[in-house]
Amino acid sequence: DACKNRAELLSRAADMTYDAEVTQATIESIWSHWSARPGNILVPGHDLPMLLEGGAPRYLGTREAAIRAWYGEDLNQTTVISLLPDGEGAARTAAE
């Protein structure tokens, strides 16, 4: 988990590490390997896969985050509450 997500990749620093210098060197190595061949896909441990385009990461896929809860009287009916920013995917009822 030297580089768990896009934020750590771009900042060249990890949220939690036992040695910041070792982590930074590892992230630089990841960048070096990733950019060595066009079309390489990076799959961080806690984020979406990414492709490097013009020196900048581009997500492959769509970020999703939600809570699914039972508010009704039937286990087959759930409410999905989106955790995405800017109101993307407001709360909705989903029949399973």
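Under the working numbering, the sequence shown has 101 at position 94, and the numbering climbs by one with no breaks. All C-beta atoms, glycine included, are put in the ideal place defined by N, C-alpha and C. Predicted model only: the values in this text are computed from it and were never measured.
By the C-beta criterion, the region 51-60 is judged to be in contact with the region 12-19, since at least 3 inter-stretch pairs fall below 8 Å.
With fewer than 16 other beta carbons inside 10 angstroms of its own, Ile74 counts as exposed. According to DSSP, residue pairing for Tyr66 in a beta bridge involves Met57. For Arg75, the uninterrupted beta strand (DSSP E) segment begins and ends at Ala73 to Ala76. The DSSP-derived three-state label of Thr24 is coil.
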